[in-house]
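*Asks:*
Residue numbers (our numbering), protein chains in the order written: chain A, 60 to 232; chain B, 446 to 976.
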């Protein structure tokens with residue numbers, strides 16, 4: 060759906076069992092690094108053209124403001140592209156559920172026993188707030204799918220409830 | 446939903462999750478809906494403060510002779526009214542609408558830079574506290590006009606550095622807002638939403654943001670040079686030191702004319718959303734609307750000198766700026782034609798948003814026509830600095846920009862709050878506003894043509910009748926807006942439950958209508974697919 064060629068999704072751990080289900084969540088970004096550079100250049104060109112025109116007339120204080128502004132734009136595009144590199148995967152194997160979250164601070168992962176965990180969709184704490192989908196086991200909890208819509212989160216909850224818990228049965232992966 | 450290795454889209458991973466409690470929700474808000482709400486409530490407050498200043502102006506002009514205030518204070522009111530309405534009311538309202546609607550319309554979870562979004566809003570209260578605070582410093586508020594022409598503006602008292610710093614803060618806020626908007630639109634559209642599939646409101650804001658980024662450094666540089674001329678001995682605009690005060694006018698209007706379009710292009714986008722909904726037809730000529738908007742934006746860079754024909758310029762310059770200005774009528778005419786064609790043979794209904802949109806169509810066109818009259822150089826020598834100019838730009842900005850904002854509020858308020866507002870009161874507000882706005886501003890054409898200068902607290906007795914009528918219109922228009930505030934706050938507090946589509950009979954198009962009313966705290970955290 061939204062996978063980008065320049066940023067391959069993180070691979071499952073090498074020691075994961077072959078029979079596993081990986082649910083992968085990633086932000087969507089419309090620009091590629093190349094089109095992002097073209098976009099900044101297209102905004103910068105008229106801005107600097109105007110500033111240089113006035114600088115040539117002796118009104119140079121316009122130029123540093125133009126530089127500051129385009130610098131801010133370049134940072135904003137860079138920050139938006141960088142935040143697009145976040146990833147979240149939920150890997151359900153025969154015995155475990157591994158949740159990994161990639162962002163600029165590194166990787167955070169949590170491991171839960173597949174048959175001794177509980178999937179709970181907590182109601183929104185207040186109007187306008189999103190619900191929270193939690194994977195819980197023995198006092199340890201991890202929120203998943205916090206960036207999904209309500210409908211998506213409910214669908215994910217149903218899917219995870221089929222795959223996780225239920226110690227009396229082991230649905231096929 | 447999720448299958449093995451399916452990639453799911455679009456979240457902007459904030460550390461915050463749900464709003465903080467109490468005042469913290471607003472102080473530390475990063476959610477685009479909260480920030481959009483703050484922008485719009487702030488702009489409503491500024492609308493009433495700027496409006497109160499307009500009431501003082503119209504009360505003073507009710508009769509010839511000095512009535513209520515001294516001339517210096519009158520000049521302070523005209524200057525502050527303009528600065529507050531432009532930078533405090535109209536621009537923040539459009540930024541608020543962009544905050545609320547653009548993520549919903551492009552299918553993004555939030556704005557691209559939520560923390561910068563918070564910062565760009567919270568600069569504004571400081572900027573306007575400083576600006577309004579100038580009323581209480583020795584020498585009073587700035588009184589040389591919102592255009593800050595030197596050498597007159599250099600005579601401002603202790604308010605001068607406060608004015609410059611306030612303008613810098615407003616500019617910084619606008620720049621950060623524009624950068625956020627442009628990055629959100631360019632980088633966070635839902636999969637499948639190509640540029641020519643974007644809602645027209647998003648297109649108009651994309652072009653507006655581009656204009657803002659191009660011209661805001663010019664304003665910042667111009668006011669900085671005023672400051673250095675005043676305090677640091679430079680002579681950029683001081684003839685005594687070899688500078689050129691007329692060059693300030695060139696620089697200012699190089700910013701100022703695109704600024705005019707910054708205040709009207711998003712209005713075009715709003716009207717282009719509303720008319721199709723209540724005509725039950727798709728927008729006529731979507732592509733032409735996009736190209737017309739881009740053409741207007743381009744032309745806005747090459748018409749600045751039509752604001753200053755009377756300062757003296759070569760004949761070739763006068764001809765160029767006159768003809769370039771008249772060219773703007775072509776893409777604007779395309780827009781008016783397309784809105785009319787959208788309504789043609791449509792199944793029209795006349796809910797408050799549509800009433801304001803139709804009113805916009807007629808009255809903005811009047812403002813456009815008077816603009817064409819002003820573009821004619823020999824005629825402009827007659828009209829310049831008269832009330833004809835005041836009538837022209839108020840027709841563009843009040844029944845133009847402000848009516849579009851009211852149309853937008855009535856169109857999307859049920860989506861935002863989850864409640865329907867009182868239709869009867871909203872229609873009453875429409876009729877009162879439309880009647881009084883014409884009573885207020887139409888006579889000013891006659892006053893200007895008869896030679897009444899602008900920015901004066903007193904006038905000859907031959908101008909008395911139309912001024913009295915104009916003032917009555919002003920008071921009526923001002924009071925009518927209290928009704929608007931009541932309708933908005935009553936709708937926020939409660940009312941009949943709105944459906945998700947809100948305007949069911951109108952088949953509104955766009956991703957925002959696929960969300961519940963009101964939308965969840967985070968909108969599209971998984972990107973919708975655009976067909």
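Yeah, the Cβ is synthetic: ideal placement off N, Cα and C, and Gly gets one too.
When Cβ atoms are compared, which residues of the stretch 661 to 676 of chain B fall closer than 8 Å to chain A?
*Replies:* Residues passing the 8 Å Cβ filter: 661, 662, 663, 665, 666, 667, 669, 670, 673.
*Asks:* Among the residues of its own chain, which have a CB less than 8 Å from the CB of residue 102 (chain A), if the five just before and after it don't count?
*Replies:* Taken in chain order, the residues that qualify are 129, 132.
*Asks:* I'd like to know whether the C-beta of residue 1027 (chain B) is nearer than 8 Å to at least one C-beta of chain A.
*Replies:* Because chain B spans 446 through 976 in this model, residue 1027 (chain B) falls outside it and cannot be assessed.
*Asks:* Can you tell me whether DSSP reads residue 816 (chain B) as helix, strand or coil?
*Replies:* In the structure shown, residue 816 (chain B) sits in a helix (DSSP, three-state: H, G or I).
*Asks:* Which residues of chain A have a Cβ atom closer than 7 Å to the Cβ of residue 652 (chain B), listed in chain order?
*Replies:* Under the 7 Å cutoff, chain A gives no residues; its nearest Cβ is about 12 Å from residue 652 (chain B).
*Asks:* List, in order along the chain, the chain A residues whose C-beta lies closer than 7 Å to that of residue 624 (chain B)?
*Replies:* The answer, in chain order, is 131, 132, 135.
*Asks:* Anything in chain A within Cβ reach of residue 707 (chain B), meaning under 7 Å, just list it in chain order.
*Replies:* Neighbours of residue 707 (chain B) on chain A: none; closest Cβ ~15 Å, over 7 Å.
*Asks:* How about residue 559 (chain B) and residue 629 (chain B): do their beta carbons lie closer than 8 Å?
*Replies:* Their beta carbons are not under 8 Å apart, which means residue 559 (chain B) does not touch residue 629 (chain B) by this criterion.
*Asks:* Taking 7 Å as the limit between beta carbons, can you name the residues of its chain near residue 179 (chain A), skipping five residues before and five after?
*Replies:* Excluding positions up to five away in sequence, the list reads 193, 195.
*Asks:* What residue range is occupied by the uninterrupted beta strand (DSSP E) comprising residue 165 (chain A)?
*Replies:* Residues 165 to 172.
*Asks:* Given this structure, state the Cα-to-Cα distance separating residue 459 (chain B) from residue 557 (chain B), to the nearest angstrom.
*Replies:* Note that residue 459 (chain B) scores 38 on pLDDT, short of 50, meaning its location in the model is unreliable; the coordinates nonetheless yield the value given after this. In a straight line, the C-alpha of residue 459 (chain B) is about 11 Å away from that of residue 557 (chain B).
*Asks:* Quick check on DSSP: helix, strand or coil for residue 538 (chain B)?
*Replies:* Looking at residue 538 (chain B) - three-state DSSP - the assignment turns out to be helix.
*Asks:* Please list the partners that residue 90 (chain A) has in chain B, where partner means a Cβ-to-Cβ separation under 8 Å.
*Replies:* Simply 631, 632.
*Asks:* Counting beta carbon pairs with one atom in the stretch 669 to 688 of chain B and one in the stretch 772 to 779 of chain B, are three or more of them shorter than 8 Å?
*Replies:* These segments do not touch.
*Asks:* Name the residue from A:147, A:152, A:220, A:114 whose alpha carbon lies nearest to the alpha carbon of residue 165 (chain A).
*Replies:* With distances taken between Cα atoms, residue 165 (chain A) lies closest to A:147.
*Asks:* In chain order, which continuous runs of the alpha helix (DSSP H) of length 4 or greater are located wholly inside the stretch 617 to 660 of chain B?
*Replies:* Listed in chain order, nothing qualifies, since the stretch 617 to 660 of chain B has no complete alpha helix (DSSP H) run of 4 or more residues.
*Asks:* Express the C-alpha separation of residue 494 (chain B) and residue 203 (chain A) in angstroms, rounding to a whole number.
*Replies:* Taking the straight line from one Cα to the other gives about 47 Å.
*Asks:* Can you list, in chain order, the residues of its chain whose CB lies under 8 Å from that of residue 872 (chain B), leaving out five sequence neighbours each side?
*Replies:* So the qualifying residues of the chain are 797, 800.
*Asks:* Starting from the Cα of residue 631 (chain B), find the closest Cα among A:114, A:94, A:84 and give me that residue.
*Replies:* Measuring from the Cα of residue 631 (chain B), the nearest candidate turns out to be A:94.
*Asks:* Tell me the DSSP bridge mates of residue 203 (chain A)?
*Replies:* Partner(s): A:192.
*Asks:* Quick check on the DSSP output: the alpha helix (DSSP H) that includes residue 102 (chain A) runs from which residue to which?
*Replies:* Start and end: 92 to 115.
*Asks:* Taking 7 Å as the cut-off, is the C-beta of residue 153 (chain A) nearer than that to any heavy atom in the ligand ZN?
*Replies:* This structure lacks the ligand ZN, and indeed carries no ligand of any kind.
*Asks:* What residues from the stretch 545 to 571 of chain B come within 8 Å of chain A, judged by C-beta to C-beta, listed N to C?
*Replies:* Taking 8 Å as the Cβ-Cβ cut-off against chain A, the residues of the stretch 545 to 571 of chain B that qualify are 554, 557, 558, 561.
*Asks:* So is residue 81 (chain A) buried or exposed if we call it buried at 16+ other beta carbons inside 10 Å?
*Replies:* The residue is buried, with at least 16 neighbouring Cβ atoms inside 10 Å.
*Asks:* Please state if the CB of residue 818 (chain B) and the CB of residue 508 (chain B) are separated by a distance shorter than 8 Å.
*Replies:* For residue 508 (chain B) and residue 818 (chain B), no; Cβs fall outside 8 Å.
*Asks:* Just the chain A side, please: which residues come within less than 7 Å of residue 659 (chain B) by C-beta, in chain order?
*Replies:* Neighbours of residue 659 (chain B) on chain A, chain order: 105, 106, 109.
*Asks:* Should residue 102 (chain A) be flagged as near chain B, meaning a C-beta pair shorter than 8 Å?
*Replies:* Judged by the 8 Å Cβ criterion, residue 102 (chain A) is in contact with chain B.
*Asks:* Can you tell me which of the three DSSP states residue 180 (chain A) falls into?
*Replies:* DSSP places residue 180 (chain A) in strand when its eight states are reduced to three.
*Asks:* So which of B:643, B:725, B:708, B:754 has the shortest CA-CA distance to residue 623 (chain B)?
*Replies:* The candidate whose alpha carbon is nearest that of residue 623 (chain B) is B:708.
*Asks:* How would you list, in chain order, the residues of chain B whose beta-carbon sits under 9 Å from the beta-carbon of residue 138 (chain A)?
*Replies:* Near residue 138 (chain A) (Cβ distances below 9 Å), the residues of chain B are 557, 558, 561, 628.
*Asks:* Report all residues from its chain with a CB closer than 8 Å to the CB of residue 483 (chain B); omit the five preceding and five following residues, and keep chain order.
*Replies:* So the list reads 471, 474, 541, 566, once near-sequence residues are dropped.
*Asks:* With DSSP as the reference, identify every bridge partner of residue 898 (chain B), one or two as the case may be.
*Replies:* Residue 898 (chain B) pairs with B:831.
*Asks:* Under DSSP, the alpha helix (DSSP H) around residue 141 (chain A) begins and ends at which residues?
*Replies:* Here the alpha helix (DSSP H) through residue 141 (chain A) covers 121 to 142.
*Asks:* If we count the other Cβ atoms within 10 Å of its Cβ and call it buried at 16 or more, is residue 535 (chain B) buried or exposed?
*Replies:* Looking at its Cβ environment, which holds 16 or more other Cβ atoms inside 10 Å, residue 535 (chain B) is buried.
*Asks:* Kindly indicate the opening and closing residues of the beta strand (DSSP E) around residue 152 (chain A).
*Replies:* Run containing residue 152 (chain A): none; DSSP gives neither H nor E here.
*Asks:* Report all residues from its chain with a CB closer than 7 Å to the CB of residue 163 (chain A); omit the five preceding and five following residues, and keep chain order.
*Replies:* Same-chain partners within the cutoff: 141.
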